[in-house]
Each structure stands twice: as structure tokens, then as C-alpha cells.
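In this note's numbering, the protein residues as written are 136 to 343.
C-beta atoms are modelled at their ideal positions from N, C-alpha and C, and glycine is treated no differently.
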Amino acid sequence: MSPRLIGVLLALFLPAHTDGIQRAPLLAREDWRETPAARPVTQAHVAHPDLRLLLFGPGNARIKKSHHDQPADDPYYVWSGEALDTWAVGLRHRAGLVDLSRGGSIRWRSRQSGFRNLHLIVQLADGGWLVSDQSEPASDDWRVRELDVADLTWRTLDAATISEGRPVKRPPLERIAATGFTDVMRGGGTPASSRLDWIEIYGYLVPW
136 MSPRLIGVLL ALFLPAHTDG IQRAPLLARE DWRETPAARP VTQAHVAHPD LRLLLFGPGN
196 ARIKKSHHDQ PADDPYYVWS GEALDTWAVG LRHRAGLVDL SRGGSIRWRS RQSGFRNLHL
256 IVQLADGGWL VSDQSEPASD DWRVRELDVA DLTWRTLDAA TISEGRPVKR PPLERIAATG
316 FTDVMRGGGT PASSRLDWIE IYGYLVPW
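In C-alpha cells, the structure reads:
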């Protein structure tokens, strides 16, 4: 096999970021329990044994764990359509903090409608929250996207009101207390809402 062909194969199959940093390993995946639809989503709906659910924002009480019998491949997912105000969902690892600074990324399967755009949120070790400028827009079907943390830019997030604030340059991402998502809007039913099927966290565990 020629050296050139070997190089091409390595580029295709080795997990690495565009800056040459090796992608961090998969730390946790949340796919939600296959149970009947319920409102609000609770810890009982979390499938991963080491993840703790966080709900906040004035509209959090009406965030739903949804599912429909039809279509047959309808997933079990978190849905914001009935939220009466802004909301956010977070996940915290019980065993420690997460280092997202070394090839960390978040991968999710989501589907938004209307003007909803799903943003990544992270909680820093000091308790403050950040929200990514980048987001996943509306789509006609479910879509998988990976967010390389090194490529994201951030703003502060008011966790009480779920509103974005000032830009934050080079935030410390070595000790992340929680990760999650929000569209920074209230729900508007099926035509104007966010849906998250599953989320994967790629990073390194930092024990408490």
C-alpha cells in the first residue's frame, strides 16, 4: 500500500479535529428511557445511570419527554413545544467534572421547527453558565450534528431567565460542571419548538 493511500485512509477514519488534536473519548450518551410520554421530563426518564437531570428557566415545568406510536420509528425525545416561557435542560455527571478543552465535542440528534435554534450550554466550575453563539436551526427531519467545542464562541447565560449576555473570550473549559441545551425561547407547539432525541458528550472525566 502506498504512503499516499495510507495517509488518505488515516484522514478518513481517525477521529481528529481540524487543528490536529485527537478527539476526546465518548464519556456519556443520553438517549432517554423508552417510557410513555410525560410532562415534565424528570430524572426517571434519564437512561444513563451517572447523569443527573437539571431543569431551569421560567418555562421548565412544561418541558416534555415525548413519543408517538406513529410513525413507527418515532424516537423518545425531549420537546419544548408546551413551554410557556424560556427553558433549559442540563445534564451533570455524578462522578465529577468534564474536561472539554482537549478535543471535546458534543454530538446530538435534534429537530427544530419555526424560528427555533438549539444552542449548547455549559456550566463552568464556578457555577456560571455559557451559551454557544452557534446553533442547530430548523429542519424537516431529524438531523445529527457534532459541535467541536474548540470551534465555538460563547456568551454568558442567565440561568434564571435563560437570556444571553455578553461575549466571553476563551472561557475555561477544563472543568465543566454540566452540559445541556436550550433554544432561548418559549414553546410554540409543533410549528415552533425544539426536539432532542439523544446527546453524546466527548471529553475527559475530572473526578471531584
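Quick one: what's got a C-beta closer than 8 Å to I141's C-beta in the same chain, skipping five residues either side?
-> Because I141 sits at a pLDDT of 45, beneath the cut-off of 50, its placement in the model cannot be relied upon, and the following sentence gives the value as read from the coordinates. The answer is none, since no qualifying residue turns up.
Member of W264, I297 and P302 whose CA lies at the smallest distance from the CA of R290 = P302
With 16 as the cutoff for other CB atoms within 10 Å, does L189 come out buried or exposed?
-> buried
Ignore the nearest five residues each way along the sequence and tell me which others in A294's own chain have a CB closer than 6 Å to its CB.
-> F191 and W264
Does the Cβ-Cβ distance between T317 and W214 come in under 9 Å?
-> no
Along the beta strand (DSSP E) that carries W277, what are the first and last residues, could you check?
-> W277 -> no beta strand (DSSP E), and no H or E assigned at all.
Which of the three DSSP states, helix, strand or coil, is assigned to V257?
-> strand
Exposed or buried, which one is V279 when buried takes at least 16 other CB atoms within 10 Å?
-> exposed
Assuming Y337 and S240 form a contact by the criterion Cβ under 8 Å, report the distance between their Cβ atoms to the nearest whole angstrom.
-> 5 Å
Could you tell me which uninterrupted beta strand (DSSP E) segments, each at least 3 residues in length, are contained entirely in the region 178-250, listed from first to last along the chain?
-> 186-191, 199-201, 212-214, 223-228, 231-234 and 240-247
Starting from T314, trace the beta strand (DSSP E) both ways and give me its first and last residue.
-> I311 to T317
Pick helix, strand or coil for V284, following the three-state DSSP scheme.
-> helix
For S236, I'd like the list of residues in its chain whose CB is within less than 7 Å of its CB, leaving aside the five on either flank, ordered along the chain.
-> L308 and E309
Best match in S248, I256 and E217 for proximity to A273 [C-alpha to C-alpha] | S248
Inter-residue Cα distance where the pair is A172 and D275 = 22 Å
How far does the beta strand (DSSP E) with S329 in it reach, from first residue to last?
-> S329 to Y337
Return the CA-CA distance between Q269 and P206, expressed in angstroms with no decimal places.
-> 30 Å
Sort out for me which residues DSSP pairs P302 with in a bridge.
-> R290
Closer than 7 Å by C-beta to A182: which residues in its own chain qualify, once you throw out the five before and the five after it? Chain order, please.
-> E165, D166, W167 and R168
T349 versus A163 - alpha carbon distance | The requested residue 349 is not part of the displayed model; the chain covers only 136 to 343.
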